[in-house]
Every structure is written in C-alpha cells, then in structure tokens.
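These notes are about the structure you will find just below.
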Amino acid sequence: MEENKTFEDFSFNEDLLDGLDAMGFQKPTPIQEEAIPVILEGKDLIACAQTGTGKTAAFLLPILDKIYSQNDNESTINAVIIVPTRELALQIDQAVEGFAYFINVSSLPIYGGGDGMSWEQQKKALVEGVDIVVATPGRFISHLNMDYVDLSKVSHLILDEADRMLDMGFLDDIVKIINYLPKERQNLLFSATMPPTIRTLAKKILVNPEQINLAISKPAAGVLQAAYMVYDENKIDLVCHLIKGKSSYPSILIFSSTRKAVNSIVRALRKNGFQAEGISSDLEQKQRETVLREFKSRRVQILVATDILSRGIDIKDISLVINFDVPSDAEDYVHRVGRTARAASTGVAVTFISPKDQRRFYSIEQLIEMEVRKMPTPPEIGESPKYNPGKKGKGGKRRNFRHKNRGNRKPRGKRK
Ligand code: ADP
Ligand code: MG
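So the sequence shown is numbered by my numbering: it starts at 777 and just counts up by one.
Below, the structure is given as structure tokens:
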C-alpha cells in the first residue's frame, strides 16, 4: 500500500472531490484504499473491516461517482443499500447528502415505524424515483409488494452491516428483496465481522467476489481498556463516581443491556447534577433522533444507551465509554468499545464486571487476544468481588463450566 494515496488517485469526478473536501476527508482510510478501486472496476466485493474504519465512504464514493458520470437525467433507482436499522439508514442518507453536495445524485431513506417520512411520502418518492435507496428490509419489502417501485435499473446492491442483519434475522427478507432485483448487477457486502454465516450469505448472493479482510476482532489500537470488578448493586454509585471527575470530557457514552438500567442510570446521574439523556427502544424514533442530535452536538454530555447504538451509528470523538454490564455477545464488546477512538483518535473504555459476568468477560479477552486491566471497586463505594472467572474444581481449569449460575452467587451477607 502506498503511503500517501489521496482521493485524487481514484480519478473521481471533480465535483465529488469537492464534496469530500467540504466534508474534511483528506486521505482514504485503508478499507477505502482497497475497496474503492475494486468497486470502480465493477466487481462484486465482500469487505470486512472493523467498526469506525470508514466503510460507508468506501462503498458510497465509487457508487456516487458512477451514478454521476452516467449523467443521465433519469431518476430510476440505480443503487439499493440494505441496512439493519433506521438509524443507520438515516446516517447513510445523510452521508450521501454530504458527499453529493456538488453533484446531482439523490438518495432516500426508507424505514418503518416512528414518524420519519410517512408511508405515503415514501411511496411518492419511490414512484417519482431517486438514485439511491437506503432501506431497512421490512419496510422496503412492504413497498415492493405493492408493485409501484421500478427496480429494473438497479445496478448496485449494497448490504451494509451484513453481520448485524443476519443476527437480526433478516436473511429471508434480504433474499426476498434480491428476487425483485435485475440479475445483472454489482453486489457489495460490508461487514464488521466475518462469521461463517456471512460467507454462506456471500456465496448465495455474490458472483466471483473480491475479498478484502481487514478485520481483526480487536478494538482500535487507540482505546485504553480497563474493567472494574463490581457487584450489581454498586454499579450506579460507581458510574457516578467515575463521571464526577470528567467534566472536561465532551462526550461520555454508557451502554447497558437493559432498558430498565438505562432509566435508573439516567435518573441517578441527573440527581447528581449531570446532564444525561437515555436512549432505548422505549423512545419514539423522533425522540431518539433528537437525543442523538443533542449528544452529537455536545449539548448533552452523557448518553446512556442500550445496544441499538453499539453498532454502526457514528458519533465522533467519544472520550469515555462505560459498559455498565458485559455484553452477551463478545463481538458486541468490540462494537461498544469501538465507539471511542474512531478514525485514529484515542479514548477510554471501562467495563463493569459483576461476578456473574466474569466468565463472559473472560471469553471476550480470548476474542480480543488481550487481558484487560481489572480494578477493584473503590472501597468508598463498597466491597469488591474477587476476580475468578474459571472457578470450578479440577485445579482451576476453565473447561467444563457446566453450572451456568455459579458465578452469580454473592458472598454470604451480600445477598439481598
Ligand atoms: P464504519 O462504517 O466502518 O463503522 P464509518 O463509515 O461510519 O465507519 O466512518 C467512521 C467515521 O470516520 C465517520 O465519522 C466518517 O465520517 C469518518 N471517516 C471515514 N473515512 C474518512 C476519511 N477518509 N477521512 C476522514 N474521516 C473519515
Ligand atoms: Mg458502517
């Protein structure tokens, strides 16, 4: 790879380069450097690179360049981008808006629920035509079923966050959508991870694909990771304790796997005088967007979120991520932690490990191939659990860990 590759090297249209300039993109990231030429050549591609490495622009830029240079004044759908969540649909749509500021290429986000565009507005836009559709599967299929969407000119299909879509059970929907598309088309599959199911999907959909794999299941190098050993009942106090000294941190993101915890954390933080907002599936789409916007623009310092936010959604420069619990999926840990230190800045990620989560955290360490520094609960907050993830007979070997609830037990006197 050349050291100083620039966007000019891809011979993009000048007007597109102006858009990039305006967005402050100076140099392609590694995934962009590798993927863009392949996509420009018209090949199918399966590309895997970790969260925050710039995959969106890797597929949008060459597609925008192609659509723009065809220069037909047609407004029939040319590219279909399928994504797992409405947040991501909006985010990609907004990225198109940015890159395409000086070129005449339009995009349309299609997703259900909440009050984005209404069904009728979506229908109207789809019928009138648009260059790029960015859609979640369910809502798009509902429109397709009605037979008014002309997909005959679709030359590019992009599956973004393919791993996430499979996790969410969208495989059948994806196949359904594909059945509506012309057989001759370019297929691009982007994913943060490459589980075997993705390869199966790729075999089904892609034709002689090029493969780019820059993924390592590890958080970006700039992230400083640490963990606290803590009992569940002390976690709220520990969060407040950690955040107290952090008034200079512009953005803090706290993840919890339950909505209930999100609400209690927000309440506790507010009681302690912090500006915090919560975001979970409890909120209407519109409220979610407002909260995200406030957080992105730094009017709100602390955002408490369930996992809907851990993948894909791009929020820049989060200085501190706190995992209020250990994510059940080891890959999710990487995604959560990936919220900090995006595109080569630095950040801190702290995980709370309760006794029942010790095993799980241990398997995360296996995945990321490193041991995360563990600290006891500060004494002023409470007693600290001991770290012992494999506590089970046989000389402490971690095999045969049959008793699922074993790590759940608290020492006598600690139980409520
Ligand atoms: P991914 O989809 O791989 O998780 P994104 O496409 O969301 O990553 O990009 C992560 C962040 O990096 C975004 O804020 C994006 O604007 C920024 N970014 C991407 N490519 C570049 C680049 N070449 N120069 C500067 N910033 C970039
Ligand atoms: Mg992405």
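We treat Cβ as the ideally placed atom computed from N, Cα and C, and that holds for glycine.
Exposure of residue i, with buried meaning 16 or more beta-carbon neighbours within 10 Å
i	result
Ile941	In the sequence under discussion, the amino acid at residue 941 is Met, which differs from the Ile named in the question. It is buried - the Cβ of Met941 has at least 16 other Cβ atoms within 10 Å.
Glu937	buried
Asp948	exposed
Glu810	buried
Val951	exposed
Gly889	exposed
Ala1037	buried
Gly1171	With a pLDDT of 34 at Gly1171, under the threshold of 50, the modelled position of this residue cannot be trusted, and the question is left open.
Leu1107	Leu is not the amino acid found at residue 1107; the sequence shown has Glu there. Glu1107 comes out buried.
Pro958	exposed
Gln898	buried
Arg1191	Low per-residue confidence applies at Arg1191: pLDDT is 39, beneath 50, and the placement is therefore not dependable, though the value from the model is reported in the following sentence. Arg1191 comes out exposed.
Thr805	buried
Gly1169	Here the model assigns Gly1169 a pLDDT of 33, short of 50, so the residue's position is not dependable and the matter cannot be decided.
Asp869	buried
Asn963	buried
Thr852	exposed
Met970	buried
Gly1054	buried
Residue i - partner residues in DSSP beta bridges
i	result
Gln962	His932
Arg1149	Ala1002
Asn989	Cys824
Ala1125	Gln1001, Val1097
Phe1031	Ala1081, Asn1099
Val1053	In the sequence as displayed, the identity of residue 1053 is Glu instead of Val. In DSSP, Glu1053 forms a bridge with Leu1079.
Val1110	DSSP lists no partner for Val1110.
Val909	Val856, Leu884
Ser967	Cys824
Any non-hydrogen atom of ligand 2 within 6 Å of residue i CB
i	result
Thr969	no
Lys1072	no
Sub-7 Å separation of residue i and residue j beta-carbons
i	j	result
Ile879	Val909	no
Phe1100	Ile1028	no
Val903	Tyr924	yes
Pro860	Met944	yes
Ala855	Phe966	no
Ala1052	Val1067	no
Ala1002	Arg1149	yes
Leu933	Arg975	no
Leu840	Phe801	no
Lys871	Leu836	A quick correction: the sequence has Ala, not Lys, at residue 871. A contact, by the Cβ cut-off of 7 Å.
Ile807	Ala825	yes
Ile1098	Val1126	yes
Thr912	Arg862	yes
Leu1079	Phe1071	yes
Ser1040	Thr1082	no
Ala968	Thr827	yes
Tyr1163	Ile1140	no
Asp906	Ser928	Inspection of the sequence shows that residue 906 is occupied by Val rather than by Asp. No. Outside cutoff.
Pro1103	Arg1135	no
Leu816	Pro985	no
Ile858	Leu793	no
Ala901	Leu920	no
Residue i Cβ short of 6 Å to ligand 1 heavy atom set
i	result
Pro804	yes
Phe801	yes
Thr829	yes
beta-carbon residue i near ligand 4 non-hydrogen atom, thresh 6 Å
i	result
Thr832	Within the structure as shown, ligand 4 is missing, the only ligands being ligand 1 and ligand 2.
Do the segment 974-985 and the segment 1120-1139 touch if we need at least three Cβ pairs shorter than 8 Å?
-> no
Taking 8 Å as the threshold, find out whether the segment 1012-1019 comes into contact with the segment 1146-1163 through three or more Cβ pairs.
-> yes
If we count Cβ pairs, one from each stretch, closer than 8 Å, do we get three or more for the segment 832-852 versus the segment 789-801?
-> yes
Taking 8 Å as the threshold, find out whether the segment 1125-1144 comes into contact with the segment 1001-1014 through three or more Cβ pairs.
-> yes
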